[in-house]
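The structure appears right after this line, and notes come after that.
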Amino acid sequence: MGIIPYNITTADKERFDQDGYWISPKLLDDQMIERLRGAHERIWKKDYDGAGMPLHAFNISDNPFALRKFDNGWWINDEVRSVVIDPNLGQMAANLLNEDEIRLWHDQVIYKPGTSGQETNVGNVGWHQDYAYWRASSTPNMVTVWIALQDTDLNNGGMMTILGSHKWGAVEGSDAFFDQDMAKLKQRFATRDWVEEPCILKAGQASFHHGLTFHGSATNFSDQPRLSVVAHLMPGDTSYKEGRARHDNVRLLGPRPEFGQKFDNEFFPLLYSTK
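In structure tokens form, the structure reads like this:
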């Protein structure tokens, strides 16, 4: 159970460094995919493992096409936990980022409803950089691992990346996840070479994208939901950056966090270390 081991190659690393993302081989076997699909159902029904509660209460929207996004699923679901803190995932991230330790920043369980061909932007994820939401972190050298639980392409709302956009640095206003007008966002951000590339994945494959890589996704036109489990990973020495940027993870450092304090307590489990 968990992540199938894979050794990052020189070509994989070159692709990640050049384009800001890399697509893995299949990292989950079919049994684990089904277990995670079942985990989705349980989470949306508030059927939690253990005696704890999620960081935020989640209620399904009245709009049947609205995106569902649940943070820190590993707190309350054993299947999600087994994947997002798997050492094999940490080793891959460490090799791609050139880091010697990797910790979990947080995870997400994401459900994009199918519209059965209906045009709507309600489930869109706007063009954004993940690090725009993580500026409390001392480094943008972070990676998101987006694991598909079904074959995923543009027809069912698959993710798109902007090639090489991780080299642009942190762009002002790139915290646009919830802005569903993708054409308007493109006009705002496409001030450099804007090359969109779809992340076409088989079930069990993952896309690894840098914390500064622009990405987004549009409508799921299929008649089935698009399900994913996502791990956001950081270097092991990541700390709270001065400037009081807001993020829920700062609260997990305690009631009086200090600038420079490392995100290294039990809320940020260690996946991999060569130290």
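Going by the working numbering, the first residue of the sequence shown is number 7, and it counts up by one from there.
C-beta: ideal position from N, C-alpha, C; glycine also.
Distance, residue j Cα to residue i Cα
| i | j | result |
| --- | --- | --- |
| W140 | D68 | 29 Å |
| K268 | L259 | 8 Å |
| D35 | Y278 | 22 Å |
| G217 | H112 | 13 Å |
| L102 | K52 | 35 Å |
| Y54 | M7 | 19 Å |
| D23 | S213 | 14 Å |
| N104 | V90 | 19 Å |
| R21 | N94 | 20 Å |
| W81 | M59 | 8 Å |
| A209 | I108 | 25 Å |
| Y27 | A57 | 37 Å |
| K281 | P261 | 30 Å |
| G179 | Y117 | 25 Å |
| I153 | H62 | 23 Å |
| D92 | M166 | 26 Å |
Residue closest to residue i, alpha-carbon to alpha-carbon, out of the options
| i | options | result |
| --- | --- | --- |
| V236 | I14, P11, N13, H46 | H46 |
| N147 | G242, Q37, N130, C205 | G242 |
| F64 | G58, L169, D77, F71 | D77 |
| L33 | E107, Y117, L207, L73 | L207 |
| H239 | N255, N127, M166 | The displayed chain sequence assigns Leu, not His, to residue 239. Looking at the Cα atoms, N255 is the closest of the given residues. |
| P70 | Q230, A251, N271 | Q230 |
| V177 | W50, D136, L155 | D136 |
| K19 | S245, I66, A189, Q97 | Q97 |
| T302 | F220, V149, E85 | In the structure displayed, the chain extends from 7 to 281; residue 302 sits before or after that span and is not available. |
| N161 | W200, I29, D106, E125 | E125 |
| D159 | R232, H253, D92 | R232 |
| G132 | I153, I168, T244 | I168 |
| P204 | E272, G164, A189, G175 | G164 |
| S171 | Q37, L110, F195 | F195 |
Residue i (DSSP reduced to helix, strand or coil)
| i | result |
| --- | --- |
| A138 | helix |
| G79 | helix |
| P93 | helix |
| S122 | coil |
| L239 | strand |
| S180 | coil |
| N147 | coil |
| V41 | The residue asked about is misnamed: residue 41 is Arg in this sequence, not Val. If DSSP states are grouped into helix, strand and coil, R41 belongs with the helices. |
| S2 | Within the shown structure, residues of the chain are numbered from 7 to 281, placing residue 2 beyond reach of any answer. |
| W50 | helix |
Own chain residues within Cβ distance below 8 Å of residue i, not counting five before or after
| i | result |
| --- | --- |
| K247 | R141, A142, S143, S144, F265 |
| N83 | A45, R48, I49, Y54, D55, V115 |
| A99 | E105, I108, V149, V151, F214, L239, L277, Y278 |
| M188 | N127, N130, G132, W133, G222, A224 |
Other residues of its chain near residue i: CB distance less than 6 Å, five sequence neighbours each side excluded
| i | result |
| --- | --- |
| A72 | V128 |
| E85 | R41, L42, A45 |
| S88 | M7, G8 |
| S30 | Q211, A212 |
Residues near residue i by beta carbon distance below 7 Å, same chain, minus five either side
| i | result |
| --- | --- |
| T66 | Here the sequence assigns Ile to residue 66, which means Thr is not the residue at that position. Taken in chain order, the residues that qualify are W50, R74. |
is_contact[residue i, chain B] using C-beta, thresh 8 Å
| i | result |
| --- | --- |
| Q124 | Protein chain content of the structure displayed is limited to a single chain, and chain B is not contained in it. |
Between the stretch 119-134 and the stretch 214-230, can you find at least three pairs of beta-carbon atoms closer than 8 Å?
yes
Assess contact between the stretch 179-195 and the stretch 9-18, defined as three or more Cβ pairs (one per stretch) separated by less than 8 Å. Is contact present?
no
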